[in-house]
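Going down the list, the protein sequences come from chains A and B. Position one of the first sequence corresponds to residue 178 (this note's numbering), numbered consecutively onward. Position one of the second sequence corresponds to residue 123 (this note's numbering), numbered consecutively onward. Glycine included, every Cβ here is placed at the ideal spot set by N, Cα and C. Note that the structure is predicted; figures quoted are calculated from it, not measured. Working notes for the structure below.
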Amino acid sequence: TQLLEQSPQFLSIQEGENLTVYCNSSSVFSSLQWYRQEPGEGPVLLVTVVTGGEVKKLKRLTFQFGDARKDSSLHITAAQPGDTGLYLCAGLTGGFKTIFGAGTRLFVKA
Amino acid sequence: KAGVTQTPRYLIKTRGQQVTLSCSPISGHRSVSWYQQTPGQGLQFLFEYFSETQRNKGNFPGRFSGRQFSNSRSEMNVSTLELGDSALYLCASSPDPNSPLHFGNGTRLTVT
């Protein structure tokens with residue numbers, strides 16, 4: 178069974194701090210996605226990483242895919258209250274099924 | 123382009139009843155997936171449909187079923203509701219199996 182483990186589960190930080198969220202698996206994925214979900218809404222895609230070692234930047238967010246394509250990380254620089262939300266990593270399995278990590282709930286205090 | 127639309131947004135049902143949830147995918151998207159989201163279990167995969175065929179099913183009891191119509195719209199049904207079925211049910215569509223998912227805002231089901 179393919180699983181994605183995210184850490185930490187919960188993060189409460191002050192505005193301006195940096196943070197990193199991790200997504201790990203014992204399985205190889207052809208690609209990993211990161212989503213962000215806000216209360217009362219469905220998850221929204223932030224990025225897809227495909228190539229081992231790939232790094233993608235989205236403004237203050239930096240996403241990295243591990244060389245072995247088993248893990249990924251999300252780094253936020255100078256977090257802002259607008260970054261508050263649930264961050265989910267996800268991977269597509271071979272059976273037309275995308276599985277999700279349990280998520281990291283981020284709260285950024287002004 | 124309109125996003126994924128789920129109806130209704132909120133639903134309150136009593137134990138033992140059944141419920142049907144509806145999902146209209148983004149125009150042109152033929153793959154529709156359903157997920158159950160709870161605080162304790164996160165997003166759990168229910169099933170995936172493509173061109174009216176269920177291609178994969180998650181580890182849920184037979185009380186959970188779904189279908190997809192020729193226009194790609196999808197419904198899921200839960201029969202004999204239990205308290206533990208209270209959750210946010212999310213529908214997602216994608217144009218093909220290898221593309222990321224586009225989610226609706228979900229149906230919040232409360233079973234009393």
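Is residue j closer than 8 Å to residue i when the C-beta atoms are compared?
{"i": "L181 of chain A", "j": "G278 of chain A", "result": "yes"}
{"i": "L223 of chain A", "j": "R237 of chain A", "result": "no"}
{"i": "S222 of chain B", "j": "H151 of chain B", "result": "Reading off the sequence shown, one finds Pro at residue 222 of chain B, where the question assumed Ser. Taking 8 Å as the Cβ cut-off, P222 of chain B and H151 of chain B do not qualify as a contacting pair."}
{"i": "S215 of chain B", "j": "I134 of chain B", "result": "no"}
{"i": "L231 of chain B", "j": "S201 of chain B", "result": "no"}
{"i": "V285 of chain A", "j": "T261 of chain A", "result": "yes"}
{"i": "Q139 of chain B", "j": "L205 of chain B", "result": "no"}
{"i": "A256 of chain A", "j": "I190 of chain A", "result": "yes"}
{"i": "L263 of chain A", "j": "T197 of chain A", "result": "no"}
{"i": "S155 of chain B", "j": "P219 of chain B", "result": "no"}
{"i": "S146 of chain B", "j": "R177 of chain B", "result": "no"}
{"i": "Q242 of chain A", "j": "G230 of chain A", "result": "One point to set straight first is that residue 242 of chain A is Phe, not Gln, in the sequence displayed. For F242 of chain A and G230 of chain A, yes; Cβs fall inside 8 Å."}
Using only the alpha-carbon positions, how far apart do residue i and residue j sit?
{"i": "Y211 of chain B", "j": "D244 of chain A", "result": "34 Å"}
{"i": "T275 of chain A", "j": "E197 of chain B", "result": "19 Å"}
{"i": "E215 of chain A", "j": "L265 of chain A", "result": "11 Å"}
{"i": "Q159 of chain B", "j": "F225 of chain B", "result": "12 Å"}
{"i": "K234 of chain A", "j": "T270 of chain A", "result": "25 Å"}
{"i": "P220 of chain A", "j": "N227 of chain B", "result": "8 Å"}
{"i": "R246 of chain A", "j": "N195 of chain A", "result": "24 Å"}
{"i": "F187 of chain A", "j": "D248 of chain A", "result": "19 Å"}
{"i": "Q183 of chain A", "j": "L283 of chain A", "result": "13 Å"}
{"i": "W211 of chain A", "j": "A267 of chain A", "result": "6 Å"}
{"i": "V232 of chain A", "j": "T239 of chain A", "result": "7 Å"}
{"i": "K179 of chain B", "j": "G272 of chain A", "result": "9 Å"}
{"i": "P130 of chain B", "j": "V233 of chain B", "result": "15 Å"}
{"i": "T225 of chain A", "j": "Y199 of chain A", "result": "15 Å"}
{"i": "T142 of chain B", "j": "T229 of chain B", "result": "10 Å"}
{"i": "E218 of chain A", "j": "V126 of chain B", "result": "12 Å"}
{"i": "C213 of chain B", "j": "P183 of chain B", "result": "18 Å"}
{"i": "S202 of chain A", "j": "P185 of chain A", "result": "15 Å"}
{"i": "T175 of chain B", "j": "Y157 of chain B", "result": "17 Å"}
{"i": "G193 of chain A", "j": "P161 of chain B", "result": "28 Å"}
{"i": "F206 of chain A", "j": "N181 of chain B", "result": "21 Å"}
Less than 8 Å between the CB atoms is what I'm expecting for residue i and residue j, so what's the real figure, rounded?
{"i": "V227 of chain A", "j": "S208 of chain A", "result": "5 Å"}
{"i": "Q163 of chain B", "j": "S144 of chain B", "result": "Their Cβ separation, rounded to whole angstroms, is 23 Å, which puts Q163 of chain B and S144 of chain B out of contact at 8 Å."}
Would you list the one or two residues that DSSP bridges to residue i?
{"i": "D248 of chain A", "result": "A:N201"}
{"i": "K135 of chain B", "result": "B:V233"}
{"i": "L196 of chain A", "result": "A:I253"}
{"i": "E170 of chain B", "result": "B:S155 and B:N178"}
{"i": "I276 of chain A", "result": "A:G268"}
{"i": "V221 of chain A", "result": "A:R213"}
{"i": "K286 of chain A", "result": "A:Q191"}
{"i": "R189 of chain B", "result": "B:E197"}
{"i": "Q140 of chain B", "result": "None, per the DSSP bridge assignment."}
Report yes if the C-beta of residue i is less than 7 Å from at least one heavy atom of the ligand GTP; otherwise report no.
{"i": "T232 of chain B", "result": "Only the bare structure without any ligand can be found here, which leaves the ligand GTP out of the picture."}
(request) Kindly confirm or deny that the segment 160 to 175 of chain B and the segment 187 to 207 of chain B touch, where touching means at least three C-beta pairs closer than 8 Å. (result) yes
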